[in-house]
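**Student:**
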Amino acid sequence: MVLDTATAQRQVLDAADALFYERGVQAVGMDAIRSASGVSLKRLYQLFPSKETLVEAYLDRRDALWKSMLAEHVEAATDPRSRLLAVFDFLYEWFQQRDYRGCAFINSFGELGTVSPRVAELALEHKEGFRRALGELAAAAGARDPEQLADHLILLSEGAITRSAISGTADPAVRAREAATMILDASLAS
92 MVLDTATAQR
102 QVLDAADALF
112 YERGVQAVGM
122 DAIRSASGVS
132 LKRLYQLFPS
142 KETLVEAYLD
152 RRDALWKSML
162 AEHVEAATDP
172 RSRLLAVFDF
182 LYEWFQQRDY
192 RGCAFINSFG
202 ELGTVSPRVA
212 ELALEHKEGF
222 RRALGELAAA
232 AGARDPEQLA
242 DHLILLSEGA
252 ITRSAISGTA
262 DPAVRAREAA
272 TMILDASLAS
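Count along the sequence shown starting at 1, add 91, and that's the number in the numbering used here.
Shown next, in the form of structure tokens:
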């Protein structure tokens with residue numbers, strides 16, 4: 092049975108996502124992706140001419156998924172202040188996922204950032220996008236200095252992401268939310 096292009100791409104990306112995230116990019120070869128996806132190696136290389144293009148597609152997909160999950164949490168909150176704190180509620184839920192292994196962008200940057208300028212660029216774009224989103228939320232909440240508040244909140248978020256991956260617990264999201272609450276109280280205009 093010949094798969095249409097969209098189905099084959101989805102199967103390859105599903106396999107790459109699971110394997111890269113679980114094992115790391117460098118530990119997974121194209122043969123493993125082929126086996127897990129059920130797509131022939133020839134077709135795999137037609138869809139993704141190199142492992143680097145597959146890694147880029149994996150990170151692009153992760154970025155879209157992450158933004159979507161974050162937006163769902165933030166948009167469910169009822170007021171601007173609670174939208175900022177919803178970021179940490181989202182992190183808490185994410186950290187509790189059975190397959191949580193930290194941030195795919197931090198992990199990929201750690202593996203490939205010095206040898207792949209594109210991976211480094213994608214990681215930076217993802218993190219800057221998150222920081223911009225925090226700045227927009229801070230401005231909507233009436234922060235005196237939304238950019239400074241975004242800087243503080245991104246450090247709390249990124250620290251919680253890394254700490255949770257290392258510790259294997261979601262508790263860093265709780266601690267980061269508590270610290271974010273204190274910073275918000277000091278940063279929001281009266």
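C-beta atoms are modelled at their ideal positions from N, C-alpha and C, and glycine is treated no differently.
Buried or exposed: Val-103, going by 16 or more other Cβ atoms within 10 Å of its Cβ?
**Tutor:** When all chains shown are included, Val-103 counts as buried.
**Student:** Which residue's Cα is closest to the Cα of Arg-192: Ala-106, Leu-275, Glu-147 and Gly-259?
**Tutor:** Of the listed residues, the one whose Cα sits closest to Arg-192 is Gly-259.
**Student:** Look up Leu-279 in the DSSP assignment and say whether it is helix, strand or coil.
**Tutor:** Strand at Leu-279.
**Student:** When you compare each of Tyr-112, Glu-202 and Ser-248 to Arg-189 by their alpha carbons, which one comes out closest?
**Tutor:** The candidate whose alpha carbon is nearest that of Arg-189 is Tyr-112.
**Student:** Could you say if the region 133 to 141 and the region 161 to 171 meet the contact criterion of at least three C-beta pairs nearer than 8 Å?
**Tutor:** They do not touch, by the three-pair rule.
**Student:** For Ala-109, list the residues DSSP reports as bridge partners.
**Tutor:** Answer is none; Ala-109 lacks a bridge partner.
**Student:** Do Ala-232 and Pro-171 have their C-beta atoms within less than 7 Å of each other?
**Tutor:** Yes, Cβ-Cβ distance for Ala-232 and Pro-171 is below 7 Å.
**Student:** DSSP state of Ala-271, grouped into three classes?
**Tutor:** If DSSP states are grouped into helix, strand and coil, Ala-271 belongs with the helices.
**Student:** Specify the secondary structure class of Ala-162 as computed by DSSP and reduced to three states.
**Tutor:** Ala-162 falls in the helix class under three-state DSSP.
**Student:** Does the Cβ of Val-178 have 16 or more other Cβ atoms within 10 Å, making it buried, or fewer, making it exposed?
**Tutor:** Looking at its Cβ environment, which holds 16 or more other Cβ atoms inside 10 Å, Val-178 is buried.
**Student:** What's the call for Leu-132, buried or exposed, on a 16-neighbour Cβ count within 10 Å?
**Tutor:** Exposed: under 16 other Cβ atoms inside 10 Å.
**Student:** Of all the options Arg-153, Arg-222, Leu-244 and Leu-215, which has the alpha carbon lying nearest to the alpha carbon of Lys-109?
**Tutor:** The identity of residue 109 in the sequence shown is Ala, whereas the question assumes Lys. For the residues Arg-153, Arg-222, Leu-244 and Leu-215, the minimum Cα distance to Ala-109 belongs to Arg-153.
**Student:** How close, in whole Å, do the beta carbons of Gln-117 and Glu-202 come, if the pair is a contact with beta carbons under 8 Å?
**Tutor:** With a Cβ gap of about 5 Å, Gln-117 and Glu-202 count as contacting.
**Student:** On the CB-based measure, 16 or more other CB atoms within 10 Å of its CB, does Ser-173 come out buried or exposed?
**Tutor:** Its Cβ having fewer than 16 others within 10 Å, Ser-173 is exposed.
**Student:** Just the Cα atoms here: how many angstroms apart are Asp-180 and Ser-199?
**Tutor:** Their Cα atoms are separated by approximately 25 Å.
**Student:** Within its chain, find whatever has a CB closer than 6 Å to the CB of Arg-125; leave out the 5 residues flanking it on each side and keep chain order.
**Tutor:** Cβ neighbours of Arg-125 beyond the five flanking positions: Leu-132 and Leu-135.
**Student:** By DSSP, does Ala-256 sit in helix, in strand, or in coil?
**Tutor:** In this structure, Ala-256 counts as helix in the three-state DSSP scheme.
**Student:** So, for Pro-237: in the same chain, excluding its five sequence neighbours on each side, which residues have a beta-carbon less than 7 Å away from its beta-carbon?
**Tutor:** The answer, listed in chain order, is Gly-226, Ala-229 and Ala-230.
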